[in-house]
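Let me begin by presenting the structure, written as structure tokens, before commenting on it.
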Amino acid sequence: MAKLLTALTTGLLEIWAHKTRSFLSFLTMTIGVAALLYTFAITEGSNQRMKKAMELSGPGRMSISKKRDYKSKGLSPGLTYNDAAVIRESFPDLYMISPETQMWGSGFVFKDFKDDNFMAMGLTPDWAKREWVFKLRGRFLKWDDVRQNAKVCVLIEPGGWRKKPAWLKFWGIANSFENWITRRDLLGETVVIGNQSFVVVGIIKEPIREDDPRWFRGGSWGTGRGIIPITTIPSLKSKWGWSPDNETIDEIDIDTGDEKTLALYKKKIDILLKARHRGEEDYEIRAYAEMFAERLAENRKMAVAIMIMGLVCILAGGIGIMNVTLATIYSRIREIGIRRAVGASRGDILLQFVIEAMLLGLLGGVFGIGLGLIGINTFLKELRWMDIATFQIHHFLAALGIAAGTGFIFSVYPAWMAARLDPVEALHYE
Numbered sequence: 088m089a090k091l092l093t094a095l096t097t098g099l100l101e102i103w104a105h106k107t108r109s110f111l112s113f114l115t116m117t118i119g120v121a122a123l124l125y126t127f128a129i130t131e132g133s134n135q136r137m138k139k140a141m142e143l144s145g146p147g148r149m150s151i152s153k154k155r156d157y158k159s160k161g162l163s164p165g166l167t168y169n170d171a172a173v174i175r176e177s178f179p180d181l182y183m184i185s186p187e188t189q190m191w192g193s194g195f196v197f198k199d200f201k202d203d204n205f206m207a208m209g210l211t212p213d214w215a216k217r218e219w220v221f222k223l224r225g226r227f228l229k230w231d232d233v234r235q236n237a238k239v240c241v242l243i244e245p246g247g248w249r250k251k252p253a254w255l256k257f258w259g260i261a262n263s264f265e266n267w268i269t270r271r272d273l274l275g276e277t278v279v280i281g282n283q284s285f286v287v288v289g290i291i292k293e294p295i296r297e298d299d300p301r302w303f304r305g306g307s308w309g310t311g312r313g314i315i316p317i318t319t320i321p322s323l324k325s326k327w328g329w330s331p332d333n334e335t336i337d338e339i340d341i342d343t344g345d346e347k348t349l350a351l352y353k354k355k356i357d358i359l360l361k362a363r364h365r366g367e368e369d370y371e372i373r374a375y376a377e378m379f380a381e382r383l384a385e386n387r388k389m390a391v392a393i394m395i396m397g398l399v400c401i402l403a404g405g406i407g408i409m410n411v412t413l414a415t416i417y418s419r420i421r422e423i424g425i426r427r428a429v430g431a432s433r434g435d436i437l438l439q440f441v442i443e444a445m446l447l448g449l450l451g452g453v454f455g456i457g458l459g460l461i462g463i464n465t466f467l468k469e470l471r472w473m474d475i476a477t478f479q480i481h482h483f484l485a486a487l488g489i490a491a492g493t494g495f496i497f498s499v500y501p502a503w504m505a506a507r508l509d510p511v512e513a514l515h516y517e
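Laid out in structure tokens, this is it:
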């Protein structure tokens with residue numbers, strides 16, 4: 088124990104005596120450890136968020152959407168509201184069938200306020216059955232609204248930020264609608280969306296964005312949004328003068344209510360739609376679990392790339408520590424000879440230089456943890472999706488262990504060389 092304490096004390100004094108050399112030797116180690124810490128945090132956070140998102144959406148969820156880059160043969164009318172109606176009629180036991188279509192740039196006007204970037208969302212009452220995390224004032228859509236093409240709307244009030252990210256200050260589309268609607272009560276008022284007048288029958292407020300579990304759905308990027316009956320949206324005109332297609336919609340969300348029946352209903356709905364679309368597979372049916380897995384895979388790919396860079400930096404740091412250890416040995420050959428002459432064993436010499444190298448590695452690990460924490464908290468968390476970063480105590484322990492282990496591995500050979508020096512030759516070394 089006394090030998091270990093002596094080695095630690097001597098190592099710290101040696102590092103302090105050559106501060107610049109020591110700092111340069113563990114600088115790359117610091118960067119590598121910071122990258123590893125980021126990887127650990129993102130992977131852990133992604134897993135936790137996916138679990139919460141799966142619990143919120145339910146295990147029996149699937150989505151039907153238009154197939155990307157599909158060239159139609161002219162046989163299919165595309166994905167339509169009638170498809171959703173036929174699915175509902177054919178499978179009445181399904182818990183939720185929620186068709187949706189969106190119209191960007193529909194425009195919003197109320198008295199002297201105007202938002203050209205407003206997005207109208209054509210929905211049905213079933214939409215309220217999915218990921219309901221809102222606070223509702225007034226009422227939501229009713230089936231009578233859909234059947235009668237009613238001119239009613241439910242406005243979405245953004246939840247805002249607990250702490251606004253820095254990029255929001257420079258974002259081109261200012262959150263004018265968000266700032267405006269939070270200061271007014273439009274319930275019962277008449278507003279203009281597109282070229283039509285709508286009565287505001289409800290207002291739903293989203294949760295604070297840092298706490299919103301619907302991370303997999305992305306954001307609205309500061310645009311105002313409102314919900315209207317899906318049958319009403321074809322009558323709208325955007326600020327550019329175009330109207331949505333009278334037939335096609337963007338997607339149909341379905342909840343079977345049970346994970347066990349998901350595959351069965353997916354197959355049945357596929358057969359039904361294939362017949363309705365005259366053999367054209369211009370749609371795709373995907374389970375939510377698949378979409379979550381893809382999002383996770385994207386995060387992990389980036390995390391792995393950063394981890395590889397981190398490991399390369401740690402490897403470079405290890406080589407730097409080895410070079411510093413070799414330089415230290417050559418500058419202290421006489422000291423090694425004196426220590427051997429007064430009774431120090433080869434093991435004592437080996438321990439001395441291994442401890443010094445491990446201390447360099449640990450210092451690199453400590454600074455790397457600090458750099459990782461500062462980087463994630465000041466930069467990465469300013470991005471919306473990066474708030475999934477989650478730290479656990481074992482992440483820090485693993486980072487320190489890797490740093491110290493690297494110092495140990497790359498110091499064994501130089502320390503072994505020092506321990507093998509002949510005491511007599513070492514004493515005569517100039």
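Just so we're aligned, residue 88 is where the sequence shown starts under my numbering, counting upward by one. Note that CB positions come from ideal geometry on N, CA and C, so glycine has one too. As the structure is a prediction and not an experimental result, all values here were calculated from the model.
- Less than 9 Å separates the beta-carbon of Met190 from that of Ile320.
- Between the region 333-342 and the region 218-230, the count of Cβ pairs shorter than 8 Å is below three; the stretches do not touch.
- Counting C-beta atoms within 10 angstroms of its own C-beta, Gly451 has 16 or more neighbours from the protein chains shown and is therefore classed as buried.
- Here Ile372 carries a strand assignment [DSSP, helix/strand/coil].
- Counting every other CB atom within 10 Å of its CB across the protein chains shown gives Leu484 a total below 16, marking it as exposed.
- Boundaries for Ala207: no alpha helix (DSSP H) harbours it, while the beta strand (DSSP E) harbouring it runs 206-210, taken from the DSSP string.
- By the Cβ rule, the region 373-383 does not count as touching the region 158-177, because fewer than three pairs are nearer than 8 Å.
- Between the alpha carbons of Gly455 and Val499 lies a gap of roughly 23 Å.
- The distance from the Cβ of Pro146 to that of Asn236 is about 35 Å, inconsistent with a contact at the 8 Å cut-off.
- In the three-state DSSP reduction, Val286 falls in the strand class (E or B).
- Burial of Pro186 is indicated by the presence of at least 16 other C-beta atoms within 10 angstroms of its C-beta.
- The criterion of a C-beta distance shorter than 9 Å is satisfied by Ala444 and Ala502.
- With distances taken between CA atoms, Ile118 lies nearest to Ile401 out of Ala428, Lys153, Ile401.
- With respect to the 9 Å criterion, Glu142 and His482 are not classified as neighbours on the basis of their beta carbons.
- For Thr493, the enclosing alpha helix (DSSP H) has its first and last residue at 480-506.
- Closest in alpha carbon position to Arg365, among Gly161, Met149, Ser133, Tyr157, is Gly161.
- By the CB criterion at 9 Å, Ile408 and Phe497 fall inside the cutoff.
- Judged by DSSP in its simplified three-state form, Phe200 adopts strand.
- Leu360 is positioned such that its CB atom lies no closer than 9 Å to that of Asp213.
- The continuous alpha helix (DSSP H) containing Gly424 extends over residues 420-428.
- In the structure shown, the three-state DSSP call for Gly132 is helix.
- Here Ser152 carries a strand assignment [DSSP, helix/strand/coil].
- Under the three-state reduction of DSSP output, Ser432 falls in the coil class, being neither helix nor strand.
- Annotated three-state conformation of Phe195 is strand, per DSSP.
- Boundaries for Ser159: no beta strand (DSSP E) harbours it, and the DSSP string shows neither H nor E there.
- Under the Cβ criterion (8 Å, minimum of three pairs), the region 122-138 counts as touching the region 387-406.
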